[in-house]
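Counting in the working numbering, the sequence shown runs from 10 upward without gaps. We put the CB at the ideal spot given by N, CA and C, even for glycine. Step one of this worksheet: look at the structure below.
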Amino acid sequence: MKKILLIEGDGIGPEVVGETKKIIDFFNKNSDKKFTTESALLGGIAFDKTGTPFPQETLKLASEADATLLGAVGGPKWESLEYKFRPERGLLGIRKELNLFANLRPAKVFNALANSSTLKREIVEDLDIMIVRELTGDLYFGEPRYVKTLDDGSKQGVNTMTYNSKEVERIARVSFDLAKIRNKKLCSVDKANVIETTEMWREVVSDIGAKEYPDINLSHMYVDNASMQLVRNPKQFDVIVTGNMFGDILSDTASMLTGSLGMLPSASLGEKQNNGKQHALYEPVHGSAPDIAGKNIANPLATILSFSMMLRYSFNYIDEANKLDQAVENVLNNGVRTADIALSGQKFVSCTEMSDKVIEELKKLFN
Ligand code: NAD
Numbered sequence: 010m011k012k013i014l015l016i017e018g019d020g021i022g023p024e025v026v027g028e029t030k031k032i033i034d035f036f037n038k039n040s041d042k043k044f045t046t047e048s049a050l051l052g053g054i055a056f057d058k059t060g061t062p063f064p065q066e067t068l069k070l071a072s073e074a075d076a077t078l079l080g081a082v083g084g085p086k087w088e089s090l091e092y093k094f095r096p097e098r099g100l101l102g103i104r105k106e107l108n109l110f111a112n113l114r115p116a117k118v119f120n121a122l123a124n125s126s127t128l129k130r131e132i133v134e135d136l137d138i139m140i141v142r143e144l145t146g147d148l149y150f151g152e153p154r155y156v157k158t159l160d161d162g163s164k165q166g167v168n169t170m171t172y173n174s175k176e177v178e179r180i181a182r183v184s185f186d187l188a189k190i191r192n193k194k195l196c197s198v199d200k201a202n203v204i205e206t207t208e209m210w211r212e213v214v215s216d217i218g219a220k221e222y223p224d225i226n227l228s229h230m231y232v233d234n235a236s237m238q239l240v241r242n243p244k245q246f247d248v249i250v251t252g253n254m255f256g257d258i259l260s261d262t263a264s265m266l267t268g269s270l271g272m273l274p275s276a277s278l279g280e281k282q283n284n285g286k287q288h289a290l291y292e293p294v295h296g297s298a299p300d301i302a303g304k305n306i307a308n309p310l311a312t313i314l315s316f317s318m319m320l321r322y323s324f325n326y327i328d329e330a331n332k333l334d335q336a337v338e339n340v341l342n343n344g345v346r347t348a349d350i351a352l353s354g355q356k357f358v359s360c361t362e363m364s365d366k367v368i369e370e371l372k373k374l375f376n
């Protein structure tokens, strides 16, 4: 029995998490894999109810859970709050407290939606790549960091790019392990020609590859070239691993190859502990979409696909994950669309109808 923590959050969060709960219930009824669920508050709603966007109770429940599924946080209602009370502090807080250092961002193009991409169909058709972004180091957390006024009255801003070899080793291992269960190809992205920190990154990744993963085809690429290659010929990649800042940019570029924000899942993983437990947070890439909240028109597929990642990466329930991915693909092949992925003039279904359609397809696959 796996324990899942559900965090709905704000905006469309309750809708998309609610629809995914229906999928979890389906597995409970129709498969030999069983889940219990609990709920917790995070973000704006947590602030409204408890005075903080990241209640201690949420951290406790997330620490105890086998995995956490989050909708999204934020919205205009909380934008003018003091920084520490803003919903985003809850999100950053949970990632930090659970030490989620590995961010997995798949960019998979469902062929039924290939025309939604801004790139030509032949460039993106069948695309299925995984970007692994280091999430707890680099310029985003390095010290010193400040902006100060100099004697001549001008200002100076300083941020520090820093990694130690242990941090590089652990993200490299996550990425090599992913390459192992995919197409055995890993590309590490750096700027080793100019930035010493990333030169060390390249050496460490190469060492781990040679010593521990000789069967994985490892390549290295400078980040400027990687950004070009992602839009020129993205299918040359399988797994890409990179640091926090380069990963922030490249993962957004890669996700837009698919052309649809409502379809993009993600996972953030922590370190494997001695008892075998590994903290993990699964969430759609999109935000809380306040403009469409409460209208039952959000696309729940990014959250449903995030649950599929949970099945695959936290629980190793590969067959169930494959079936769920297949059910989503079948629904799209059947022409079912929510408003965000419908072509102009095309009929579209509601958020609830979309998950019902996924469940209909799952039923066929489980029979
Ligand atoms: P957004 O992703 O919420 O929305 C961007 C656009 O995409 C909107 O037009 C929205 O309607 C649409 N959209 C997003 N998800 C959709 C879905 N599932 N189905 C259909 N349409 C969808 O980004 P934003 O508007 O920049 O941010 C809104 C709020 O979300 C802000 O408060 C922001 O801080 C927050 N945010 C949270 C997260 C997170 O929780 N991880 C991530 C990004 C933004």
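If you reduce the DSSP assignment to three classes, tell me which class residue i lands in.
i    : result
E176 : helix
E280 : strand
Y222 : coil
P96  : helix
T67  : helix
M209 : helix
T77  : strand
D199 : strand
G84  : coil
L371 : helix
T347 : strand
Q355 : coil
F36  : helix
N112 : strand
V156 : strand
P243 : helix
T45  : strand
I306 : coil
T361 : helix
T380 : Any question about residue 380 goes unanswered here, given that the chain covers just 10 to 376.
S228 : strand
Y389 : Residue numbering for the chain in the displayed model covers 10 to 376; residue 389 lies beyond these limits and cannot be assessed.
R142 : strand
S72  : helix
V294 : coil
May I have the straight-line CA-CA distance separating residue i from residue j, to the nearest angstrom?
i    : j    : result
N39  : F375 : 7 Å
G303 : G20  : 7 Å
K164 : P153 : 16 Å
A298 : N308 : 11 Å
E47  : A71  : 10 Å
K281 : R182 : 11 Å
A55  : D328 : 36 Å
G279 : Q287 : 6 Å
G173 : S277 : Per the sequence presented here, residue 173 reads as Asn, with Gly not at that position. Approximately 20 Å, taken between the alpha carbons.
E134 : V213 : 34 Å
A123 : L341 : 11 Å
Q355 : G271 : 17 Å
K373 : I32  : 14 Å
G285 : D75  : 11 Å
Y155 : N253 : 19 Å
G344 : G102 : 39 Å
M237 : N202 : 17 Å
I306 : S89  : 27 Å
L148 : N283 : 30 Å
K220 : Y322 : 24 Å
N37  : L15  : 16 Å
R98  : G52  : 7 Å
W210 : F63  : 33 Å
V167 : P23  : 39 Å
N339 : G60  : 44 Å
D365 : S184 : 34 Å
Y326 : K157 : 51 Å
Just confirm the distance between the C-beta atoms of residue i and residue j, as a whole number of angstroms; I'd bet it's less than 8 Å.
i    : j    : result
T77  : A289 : 7 Å
L371 : A336 : 5 Å
T267 : S353 : Not quite, the Cβ-Cβ distance comes to about 19 Å (not below 8 Å), so this is no contact.
I204 : M170 : 7 Å
L273 : P243 : Rounded, the Cβ-Cβ distance is 15 Å, inconsistent with contact.
F324 : K11  : 6 Å
I140 : A116 : 7 Å
A263 : I138 : 6 Å
K58  : L68  : Contact flag wrong, Cβ pair sits at about 16 Å.
Is any heavy atom in the ligand SAH found nearer than 8 Å to the beta carbon of residue i?
i    : result
G151 : The model depicted lacks the ligand SAH and carries the ligand NAD instead.
Give a yes or no on whether 9 Å exceeds the smallest Cβ distance from residue i to chain D.
i    : result
M170 : Protein chain content of the structure displayed is limited to a single chain, and chain D is not contained in it.
Check your understanding: Are the stretch 197 to 204 and the stretch 241 to 256 touching, with three or more C-beta to C-beta distances below 8 Å?
Key -> Yes: at least three Cβ pairs fall under 8 Å.
Exercise for review: Decide if the stretch 20 to 33 is in contact with the stretch 351 to 362; the criterion is three or more beta carbon pairs, one per stretch, under 8 Å apart.
Suggested key: Yes, they touch.
**Study point:** Three-pair Cβ contact test at 8 Å for the stretch 82 to 90 versus the stretch 101 to 120
**Key:** no
Point to revise | Inter-stretch contact (C-beta, 8 Å, three-pair minimum) for the stretch 139 to 159 and the stretch 123 to 131 | key: Contact annotation: the stretch 139 to 159 does not touch the stretch 123 to 131, with fewer than three C-beta pairs closer than 8 Å.
**Study point:** Given 8 Å, three or more beta-carbon pairs between the stretch 225 to 235 and the stretch 180 to 197
**Key:** yes
Point to revise | Cβ contact check for the stretch 309 to 322 and the stretch 91 to 102: 3 or more pairs under 8 Å | key: no
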